[in-house]
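Everything below concerns the one structure shown next.
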Amino acid sequence: MAAGSASGRAPVTDVLIAGAGPTGLTLAIELARRGVEVRIVDRAGEHFPGSRGKGLTARTQEVLDDLGVADEVLHYGFRHLPHRRYVDGELVAEADPHAQRAPAPDRPYDGGLLIPQWRIERILRARLAEDGVRVELAAGVAEFSQSADGVHAVLDTGEQVAARYLVGCDGGRSTVRKALGVRFEGESGEQAMLLGDVELDGLEPDAWYQWTVRGRGFLALCPFRDERSWQLQAVPLRDFGAEGGLPEPSLPYFRRIVDDLAGGHGIHLSTATWLSTYRVNVRMADRFTVGRVVLAGDAAHVHPPAGGLGMNTGIQDAYNLGWKLAMVCSGARQSLLDSYQEERLPVAAWTLGVSTEGLRRVASRFVDGGGADITDGAHRDGQQLELGYPASSLSVDGDAGNGPRAGDRAPDAPCVDRSGTPRRLFDAFRGPHFTLLGFGESCAGALRDAGTVHRGLVKPVSVGAPGSGADLVDVEGHARTAYGVTGGTLVLVRPDGYLALRAPGASRTAVRDYLDRVGVSRSA
44 MAAGSASGRA
54 PVTDVLIAGA
64 GPTGLTLAIE
74 LARRGVEVRI
84 VDRAGEHFPG
94 SRGKGLTART
104 QEVLDDLGVA
114 DEVLHYGFRH
124 LPHRRYVDGE
134 LVAEADPHAQ
144 RAPAPDRPYD
154 GGLLIPQWRI
164 ERILRARLAE
174 DGVRVELAAG
184 VAEFSQSADG
194 VHAVLDTGEQ
204 VAARYLVGCD
214 GGRSTVRKAL
224 GVRFEGESGE
234 QAMLLGDVEL
244 DGLEPDAWYQ
254 WTVRGRGFLA
264 LCPFRDERSW
274 QLQAVPLRDF
284 GAEGGLPEPS
294 LPYFRRIVDD
304 LAGGHGIHLS
314 TATWLSTYRV
324 NVRMADRFTV
334 GRVVLAGDAA
344 HVHPPAGGLG
354 MNTGIQDAYN
364 LGWKLAMVCS
374 GARQSLLDSY
384 QEERLPVAAW
394 TLGVSTEGLR
404 RVASRFVDGG
414 GADITDGAHR
424 DGQQLELGYP
434 ASSLSVDGDA
444 GNGPRAGDRA
454 PDAPCVDRSG
464 TPRRLFDAFR
474 GPHFTLLGFG
484 ESCAGALRDA
494 GTVHRGLVKP
504 VSVGAPGSGA
514 DLVDVEGHAR
524 TAYGVTGGTL
534 VLVRPDGYLA
544 LRAPGASRTA
554 VRDYLDRVGV
564 SRSA
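Quick note on this note's numbering: the sequence shown kicks off at 44 and runs consecutively.
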């Protein structure tokens, strides 16, 4: 989708994305579906083959729902997989840690989903291709310079690209971040882990197997739905060198670890398709935006794997950034883009904190008695449903009702449309627009204004009781309950599914004033 240019000049695009992992792909989709010209390039010569980040939180599944790929993701993922734990060769526990989770009216996704990262990336690439954009491999950003008007980048291929904005989604060793001179503050830990994707015989793919042998190490083997490969995680204590190093990963080495820690189960590793050594790093950029260059995902923050928040936080970075960057490209004020750092930097700091504490908790239990489960590092809000932006400059409360406040995640709720067809609030939210929910007859004027004055930018949706003639009929009252509504109330939901504004239903100026305040009213 890059626009052409005059002969001799660098091709021009609105946004150049460096890095085609889950973060970069999500951002590219968010931009492309809004009509923004985008190129996404990656230094690698082939698409990433490994399972690395293998868990999707409930909130990330909601993001993928909005992008239209949730059904495919669910098809390839394990939602409830028992954990089968052995200590010193003895079976000590078998349970599904999410057994008590079930969908609720306000949250249709009941918990985490196990699916390999390569599968997520393949699904996102296919979704991006629907908008005419494809990943350009072997073409990372080698260098760039920026001015007040844009960014001039040179790719590894030698091609020169002019873009209005550059976004670095190029991982923890980000070339973009280093070239900006942004500090990546934190520390590298002593903990290390071996990771890989293996094919094996001897186990049924009906559980996430975990073995702890005190004094010798830890091993986990996690299957994937409809795949021959399993993810192997191992901490072979006896193999650590004086400086904390481990031998190079290889199939023979993985076989030896399995024999040492899970001997007697008859497990035979036949193939290893991805091999890696992971060392814990806890670091965060001190800035996410420098002029017309933005950082997202691991380029902005890296942290321990405890709780499985890494890929999820990157996808949600992109989801927060995408609509804002698209609107700025369409004429919104720069301050809207500035809110990306304002909102996501505290989330990154929170993620670093809870994942570091989770790793400490798992490690201490492992050392004390070997009874830890791999999910013991998860935070209480490990599904990221309670994260929000209540302190953001984009959050405005003009209504004293109960329920979620501006900046909180917008809950879902089952309703029916005027024909009686089941429809959820998430169905109304899906797409690149703001959504204005109007509860009660007093909202009619504001909804009508939104449908005319802000057409294309705000989607008006009336929510009412049976017989009210509303767009969505709240048959069982779940919508009013989820939003704490007792009287006429307006709720403006941002394109990324967070409350922007609550206001009394009769207010005819609240939405207009809000859009003017955040600088998007002229970007539709």
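Ideal Cβ placement from N, Cα and C applies to all residues, glycine included.
Please read all numbers here as calculations on a predicted model, not as lab measurements.
Following the DSSP letters along the chain, one finds K502 inside the beta strand (DSSP E) bounded by residues V501 to G507. Taking every protein chain shown into account, the CB of P295 has fewer than 16 other CB atoms within 10 angstroms, so this residue is exposed. In the DSSP assignment, H118 falls within the alpha helix (DSSP H) that extends over A113 to H118. Within the region 438-520, the runs of beta strand (DSSP E) that reach at least 3 residues and sit entirely inside it are, in chain order, 457-460, 465-467, 477-482 and 501-507.
Taking C-beta atoms under 8 Å as the contact rule, L533 and V504 fail to qualify, at a distance of about 11 Å.
Here DSSP, grouped into helix, strand and coil, assigns G307 to coil. Distance check between V184 and each of G201, A456 and S190 places G201 closest, using alpha-carbon atoms only. Annotated three-state conformation of C372 is helix, per DSSP. Taken through DSSP and simplified to helix, strand or coil, T524 comes out as helix. Closest in alpha carbon position to Q160, among A263, G527, I358 and G193, is I358. A distance of 8 Å or more separates the beta carbons of D114 and L124. With respect to the C-alpha of Y208, the residue from L338, P148 and R257 having the closest C-alpha is L338. Look at R551 here: in three-state DSSP terms it is coil, with no helix or strand label.
When only Cα atoms are considered, V333 and D199 end up about 22 Å apart.
With fewer than 16 other CB atoms across the displayed protein chains lying within 10 angstroms of its CB, E429 is exposed. In the structure shown, T529 adopts coil according to DSSP, grouped into three states. Taken in chain order, the complete beta strand (DSSP E) segments of 3 residues or longer contained in the region 107-183 are 126-130 and 133-138. With contact defined as three or more Cβ pairs closer than 8 Å, the region 75-95 and the region 149-167 are in contact. For R177, the closest of G154, V84 and R77 by C-alpha to C-alpha distance is V84. Going by C-alpha positions, N324 is about 9 Å away from G215. In the three-state reduction of the DSSP assignment, L280 falls in the helix class. According to the DSSP assignment, V225 belongs to no beta strand (DSSP E), since it is labelled neither H nor E. Following the DSSP letters along the chain, one finds L338 inside the beta strand (DSSP E) bounded by residues V336 to L338.
DSSP lists N324 as the beta-bridge partner residues of S231. Here DSSP, grouped into helix, strand and coil, assigns D269 to coil.
Using a Cβ distance threshold of 8 Å, Y526 and R452 do not count as a contacting pair. For the pair F331 and V241, the CB atoms are not nearer than the 8 Å cut-off. Taking the Cα positions, R77 is about 7 Å away from P475.
Here A181 has G88 as same chain residues with Cβ atoms under 6 Å from its own Cβ, once five neighbours each way along the sequence are excluded. According to the DSSP secondary-structure assignment, E242 is paired through a beta bridge with S272 and T314. Between T66 and A361, the alpha-carbon positions lie close to 6 Å from each other. Proximity of the region 138-152 to the region 264-281 falls short of the contact definition, fewer than three beta-carbon pairs being nearer than 8 Å.
Bounds of the beta strand (DSSP E) holding L59 are V55 to A61.
Take V336, set aside five residues on each side of it, and the residues of its chain with a beta-carbon closer than 8 Å to its own are F187, Q189, V194, Y208, L209, V210, G211, V219 and L223, in chain order. If you compare the alpha carbons of L490, P292, Q253 and L379 with that of S436, the shortest gap goes to L379.
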